[in-house]
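Working notes for the structure below.
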Amino acid sequence: MEYGYYPGCSLEGTAKEFDKSLKEVLTKLNCGLKEIEDWSCCGASSAHITSHLLSVALPVRNLLLAEKQGLNDVVAPCAACFSRLLSSQKEMKLDEKTRMKVEDLMEEKFSNGIQIFNLIQLFQKIGLDKIKEAKKVDLGDLKAACYYGCLLVRPAEIVNFDDEEDPKTMEEVVKAAGVQTVDWNYKTECCGASHSIAHTDIVEKLSKKILDDAVSHGADVIIAACPMCHSNLDMRQKNIIKHNPDHKVIPVLYLSQLVGIALGISYKNLGLNLHYINPIPAVENRIKREAVV
Amino acid sequence: MIHHRSDPVLEEIIEITSQDPSQCYQCGKCSAGCPVRDFINTPPNRVVRYVQLGFYDEALNSQTPWLCAGCMTCTSRCPQNFELAKFMDAVRQVALKRGIKPDKKVYKFHKAFLAQVEKHGRSFELGMVRDYKLSTGDFFQDMDLAPETLMKGKMNLTPGNIKNKEAIKKIFRNVEEKK
Numbered sequence: 277m278e279y280g281y282y283p284g285c286s287l288e289g290t291a292k293e294f295d296k297s298l299k300e301v302l303t304k305l306n307c308g309l310k311e312i313e314d315w316s317c318c319g320a321s322s323a324h325i326t327s328h329l330l331s332v333a334l335p336v337r338n339l340l341l342a343e344k345q346g347l348n349d350v351v352a353p354c355a356a357c358f359s360r361l362l363s364s365q366k367e368m369k370l371d372e373k374t375r376m377k378v379e380d381l382m383e384e385k386f387s388n389g390i391q392i393f394n395l396i397q398l399f400q401k402i403g404l405d406k407i408k409e410a411k412k413v414d415l416g417d418l419k420a421a422c423y424y425g426c427l428l429v430r431p432a433e434i435v436n437f438d439d440e441e442d443p444k445t446m447e448e449v450v451k452a453a454g455v456q457t458v459d460w461n462y463k464t465e466c467c468g469a470s471h472s473i474a475h476t477d478i479v480e481k482l483s484k485k486i487l488d489d490a491v492s493h494g495a496d497v498i499i500a501a502c503p504m505c506h507s508n509l510d511m512r513q514k515n516i517i518k519h520n521p522d523h524k525v526i527p528v529l530y531l532s533q534l535v536g537i538a539l540g541i542s543y544k545n546l547g548l549n550l551h552y553i554n555p556i557p558a559v560e561n562r563i564k565r566e567a568v569v
Numbered sequence: 311m312i313h314h315r316s317d318p319v320l321e322e323i324i325e326i327t328s329q330d331p332s333q334c335y336q337c338g339k340c341s342a343g344c345p346v347r348d349f350i351n352t353p354p355n356r357v358v359r360y361v362q363l364g365f366y367d368e369a370l371n372s373q374t375p376w377l378c379a380g381c382m383t384c385t386s387r388c389p390q391n392f393e394l395a396k397f398m399d400a401v402r403q404v405a406l407k408r409g410i411k412p413d414k415k416v417y418k419f420h421k422a423f424l425a426q427v428e429k430h431g432r433s434f435e436l437g438m439v440r441d442y443k444l445s446t447g448d449f450f451q452d453m454d455l456a457p458e459t460l461m462k463g464k465m466n467l468t469p470g471n472i473k474n475k476e477a478i479k480k481i482f483r484n485v486e487e488k489k
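Protein chains in written order, with our numbering: chain A, 277 to 569; chain B, 311 to 489.
Written as structure tokens, this is what we have:
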């Protein structure tokens, strides 16, 4: 099975291990990705902060390209891209004035026929049974805190996915990979998102609460599905350690990396060496060696 | 209603958001769940109140919309289905149009980000950080993370240009004209 693919800018840069691990996992699951040719940035937070029209037009360019390529199902693993693509679809559907302005600006008619989905939905489409069947490594003692952040689940009328206050679909994927999940409080709390650079102090405070809650509920790792969340919880944890000497460190993995470990893909091919907080010891500690095929 | 339809600020906000701020009945649920509430002086529902009462200077000069992280918690919990995050976007955009930038750092960050998108079609993190540092003069921020970031190859040294850069330039140009 082949799916359309909108990687988004982060997956080519600071989150290249997200892209790498996703492709490795899909190969193991006999699936392929077809990238939208010549895709461009969705505008992220920056566009909707400064211009409504720009925030709709930038995602629409990519949706038009996908349409021309005949891609009907497009996976956007970055939660922010996922949210921006869906928001622009909603604007184009419900706001007649915006639609006319954007079509006029793009000099093209928009049919709005593409189905956008996130990483968890991709695994659901492929089938969680396939992950169970392909599992090679027993991670049975590993405890994961599934972190959804904001844009995967909110707002419901845009993403139309899972429960916006207490989502559970990521847990199902993690369990299919043979990993235990913990019940915790911060799975949908905000990490501070795009304030990472302009207001690092805010991001550090918000991210520390998330990290601490995962640790206090017995998690060995946090699982994320958003490059922005990952960078704030992983890279910014370096700042947190510096400013809080007694901080309890917890590594953060992308969902695709965790599934990849269970499928027996090497740490290097999953890009586990690219994190600021090394996740390998936490994972190694919990692998049941005798079960490794 | 207290406000008047002839108010340009209100009209612009309604135009951008397709919703009337009078929809909000000030329950404060948005402010109760706002993750940046500890870092702002004006709670989100009060910014809505300012607009409802016609205190536009207070609304447009508030730092709140600029520190809004866009997490959508308020939007998803609002009992009136008032899309507050969208309202915050609109207040920022209306302020910007009038040259009001209550948080220079946030403004400069987003400007630096969009400049790279306009130039290359995709975000170029190194170029964005360079432009941001040049505009804020804060050269030493995150210098301790730089060696590891570059060593791991997490930050590309050259931009990933798209083929049809003209298409992106055209979008930016047309959006500017339509303002």
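Every residue gets a Cβ at the ideal spot worked out from N, C-alpha and C, and that includes glycine.
Q) For leucine 319(B), does the three-state DSSP call read helix, strand or coil? A) A small correction: the amino acid at residue 319(B) is valine; leucine does not occupy that position in the sequence shown. Reduced to three states, the DSSP call for valine 319(B) is helix.
Q) So, does the CB of alanine 490(A) fall closer than 9 Å to a CB anywhere in chain B? A) No, no contact with chain B.
Q) Given valine 491(A), which residues of its chain have a CB within under 6 Å of its CB, disregarding the five upstream and five downstream residues? A) Lys524 and Ile526
Q: Using a Cβ cut-off of 7 Å, pull out every chain B residue sitting near serine 322(A), in sequence order please.
A: What serine 322(A) touches in chain B: His420, Phe423 and Leu424.
Q | Min CB distance valine 568(A) to chain B below 9 Å | A | In this prediction, valine 568(A) has a pLDDT of 49, which is less than 50 and means its spatial position is unreliable; nothing more can be read from the coordinates.
(Q) Just to confirm the assignment: which complete alpha helix (DSSP H) runs, minimum length 4, are found wholly within the region 357 to 399 of chain A? (A) 372 to 382
**Q.** Per-residue contacts from serine 364(A) into chain B (C-beta, under 9 Å)
**A.** Residues of chain B passing the Cβ test: none, with the nearest at roughly 12 Å.
Q. When DSSP labels each residue in this structure, what does threonine 457(A) get in the three-state scheme?
A. strand
Q) Got a sec? Which residues, its chain only, sit under 6 Å from serine 331(A) by beta carbon, not counting five neighbours each side? A) Cβ neighbours of serine 331(A) beyond the five flanking positions: Gly319, Ala323 and His324.
Q) Does the Cβ-Cβ distance between isoleucine 498(A) and leucine 509(A) come in under 9 Å? A) Cβ distance < 9 Å, so isoleucine 498(A) and leucine 509(A) count as in contact.
Q: Output the distance between the C-alpha atoms of serine 328(B) and threonine 385(B), rounded to the nearest integer angstrom.
A: When only Cα atoms are considered, serine 328(B) and threonine 385(B) end up about 14 Å apart.
(Q) If distances are taken between C-alpha atoms only, which option among Lys451(A), His493(A), Thr290(A) and Ile473(A) comes closest to leucine 534(A)? (A) Lys451(A)
Q.
Within the continuous beta strand (DSSP E) that includes valine 346(B), where are the two ends?
A. Segment: none, valine 346(B) is in no beta strand (DSSP E) and carries neither H nor E.
Q | For alanine 379(B), three-class secondary structure by DSSP | A | coil
Q | Beta carbon proximity, aspartate 348(B) to chain A, threshold 9 Å | A | Yes - at least one Cβ of chain A is within 9 Å of the one on aspartate 348(B).
**Q.** Per DSSP, the bridge partner or partners of isoleucine 498(A)
**A.** Ala421(A) and Val528(A)
Q) Which residues of chain B have a Cβ atom closer than 7 Å to the Cβ of serine 316(A), listed in chain order? A) Gly431, Arg432, Ile472 and Ile478
Q: Compare the beta carbon distance of leucine 362(A) and isoleucine 434(A) with 9 Å and say whether it is the shorter of the two.
A: yes
(Q) Short of 7 Å in beta carbon distance, which residues of its chain neighbour cysteine 357(A), apart from the five on each side in sequence? Order them along the chain. (A) Tyr282, Gly284 and Cys318, listed in sequence order.
Q. What first and last residue would you give for the beta strand (DSSP E) that runs through leucine 309(A)?
A. Leucine 309(A) -> beta strand (DSSP E) spans 308 to 311.
Q: Using a Cβ-Cβ cut-off of 9 Å, state whether threonine 459(B) counts as contacting chain A.
A: When Cβ-Cβ separations below 9 Å define contact, threonine 459(B) makes contact with chain A.
Q: Count the CB pairs spanning the region 350 to 364 of chain B and the region 407 to 415 of chain A that are closer than 8 Å, and state whether there are at least three.
A: Fewer than three beta-carbon pairs drawn from the region 350 to 364 of chain B and the region 407 to 415 of chain A are found closer than 8 Å, and the two stretches are therefore not classed as touching.
Q: Could you name the residues of chain B that cysteine 422(A) contacts, counting a contact when the two beta carbons are closer than 9 Å?
A: Within 9 Å Cβ-Cβ: nothing; cysteine 422(A) doesn't reach chain B, min ~17 Å.
**Q.** Bridge-paired residues (DSSP) for valine 350(A)
**A.** Gly280(A) and Ile392(A)
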